[in-house]
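Under this note's numbering, residue 259 is the last one in the sequence shown; the count climbs by one each step, no gaps.
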Amino acid sequence: MQKLEIKAINTDIQRWLAVAADNVRQHLSEQLQVQTKSGRNDLVTKFDKVTERFFVEQIRQNFPHDKIVSEEGFGDQVHNMQGRVWFIDPIDGTLNFVRQRHNFAMMLALYENGHNVIGYILDVMSGDLLWGGPEIGLYLNEKAITKPDNKKLAAGLFGVNGPMFAYNKENIQEIALASSGARILGSAGLEFYQVVLGRQVGYASRLAPWDFAAGKILAETAGLSVTTIDGRPINMLKSQVVLATTHRAFAEIQKMRQA
Ligand code: 2AM
Ligand code: CA
Ligand code: CA
Ligand code: CA
Numbered sequence: 001m002q003k004l005e006i007k008a009i010n011t012d013i014q015r016w017l018a019v020a021a022d023n024v025r026q027h028l029s030e031q032l033q034v035q036t037k038s039g040r041n042d043l044v045t046k047f048d049k050v051t052e053r054f055f056v057e058q059i060r061q062n063f064p065h066d067k068i069v070s071e072e073g074f075g076d077q078v079h080n081m082q083g084r085v086w087f088i089d090p091i092d093g094t095l096n097f098v099r100q101r102h103n104f105a106m107m108l109a110l111y112e113n114g115h116n117v118i119g120y121i122l123d124v125m126s127g128d129l130l131w132g133g134p135e136i137g138l139y140l141n142e143k144a145i146t147k148p149d150n151k152k153l154a155a156g157l158f159g160v161n162g163p164m165f166a167y168n169k170e171n172i173q174e175i176a177l178a179s180s181g182a183r184i185l186g187s188a189g190l191e192f193y194q195v196v197l198g199r200q201v202g203y204a205s206r207l208a209p210w211d212f213a214a215g216k217i218l219a220e221t222a223g224l225s226v227t228t229i230d231g232r233p234i235n236m237l238k239s240q241v242v243l244a245t246t247h248r249a250f251a252e253i254q255k256m257r258q259a
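Following this line, the structure appears as structure tokens:
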């Protein structure tokens, strides 16, 4: 396989994201046909599907040998992380998209032989794009950003998944209450975004690979810890409860969970 020229593919990927986001924004006032998947709050719209299909087509045209893991079924059955693997979440925060027409993201991530390459979280309505990876660093739009401080849990806000917080799964109430305050944004991507920019000290939620793939690359590039809630390495091909946080808060959380 040919070695990737990150700067060149970054230009392509940013163009795909701009086209996809423009398309969604142009149709925002349309009445949405909404289908349910696993339950009444697990939704999918034609924009989830159209956007995913568009990204899959771009990747297939440019990188025909690469594998694709994606939410809405246009990708591949991927059984291992060998070679190049892309992750697509076409609309992250579909419930926000449907109910608010706001606070949703598009996410793309690329891994090579299991290693972080590059990740993108686009806040579609603001147009702000958080992107980067270990080789190129971190950017908010065109501007390079600095790594967040290694804050203690008590020194920042902590993002949680609504139902997990309500039902106190995985000691999540205790963790959130030890922070400055709990936040529920309804978009895994936008939660990672806040953590990477240092606006939240951490985030925990049960997530699928497309929910955390881009966030993991960006958070790790920012010097943050990304593990399962019990501190184990992430399995890139499984759903799991993911914890993205500063190293200080990580240690505090592991101590709380063992107490
Ligand atoms: P989605 O909008 O792409 O489905 C909401 O708490 C966050 O969790 C969103 O990022 C949402 O992604 C994600 N999520 C993961 N599994 C979900 C599920 N079964 N139902 C609703 N949201 C889910
Ligand atoms: Ca979904
Ligand atoms: Ca998602
Ligand atoms: Ca989605």
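A virtual CB, placed ideally from N, CA and C, is assigned to each residue, including glycine.
In its chain, beyond the 5 residues on either side, Val242 have a beta carbon closer than 6 Å to the beta carbon of Phe212. In this structure, the C-beta of Asp89 approaches ligand 4 to less than 6 Å from one of its heavy atoms. Looking at the backbone, the Cα of Ile121 and that of Leu129 are separated by about 6 Å. With a cut-off of 6 Å, the C-beta of Thr94 is classified as near ligand 1, since at least one heavy atom of the ligand falls inside that distance.
Pairing Arg257 with Thr227, the inter-Cα distance amounts to about 14 Å.
Comparing C-alpha distances from Ser180 to each of Val160, Tyr193, Ala188 shows the shortest one belongs to Val160. At least one heavy atom of ligand 3 sits closer than 6 Å to the Cβ of Asp211.
Separation of the CB atoms of Glu72 and Asp42 is rounded to 12 Å, and the pair is thereby denied contact status at 8 Å. Judged by the Cβ position, Ala188 qualifies as a neighbour of ligand 1 at the 6 Å threshold, a heavy atom of the ligand being closer than this. In the three-state reduction of the DSSP assignment, Gln77 falls in the coil class. Judged by their CB atoms, Phe87 and Arg53 are not nearer to each other than the 7 Å cut-off. The alpha-carbon of Gln100 is positioned some 22 Å away from that of Leu207. The C-beta distance from Leu153 to Ile253 rounds to 7 Å, short enough to fall under 8 Å.
Burial check for Ala249: the Cβ neighbour count within 10 Å reaches 16 or more, so the residue is buried. The C-beta distance from Met107 to Gly189 rounds to 5 Å, short enough to fall under 8 Å. For Thr51, the CB contacts under 7 Å within the same chain, skipping 5 residues up- and downstream, are Ala20, Val24, Pro90, Ile91, Met106 in chain order. Excluding sequence positions up to five before and after Lys238, its CB lies within less than 8 Å of the CB of Pro209, all in the same chain and listed in chain order. The C-alpha of Lys216 is placed about 19 Å away from the C-alpha of Arg183.
Taking C-beta atoms as the reference points, Ser187 and Asn96 count as a pair closer than 7 Å. Going by DSSP, Thr36 is part of no alpha helix (DSSP H) but of the beta strand (DSSP E) stretching over 34-36. Between Ala144 and Gly133, the C-beta spacing is not below 7 Å.
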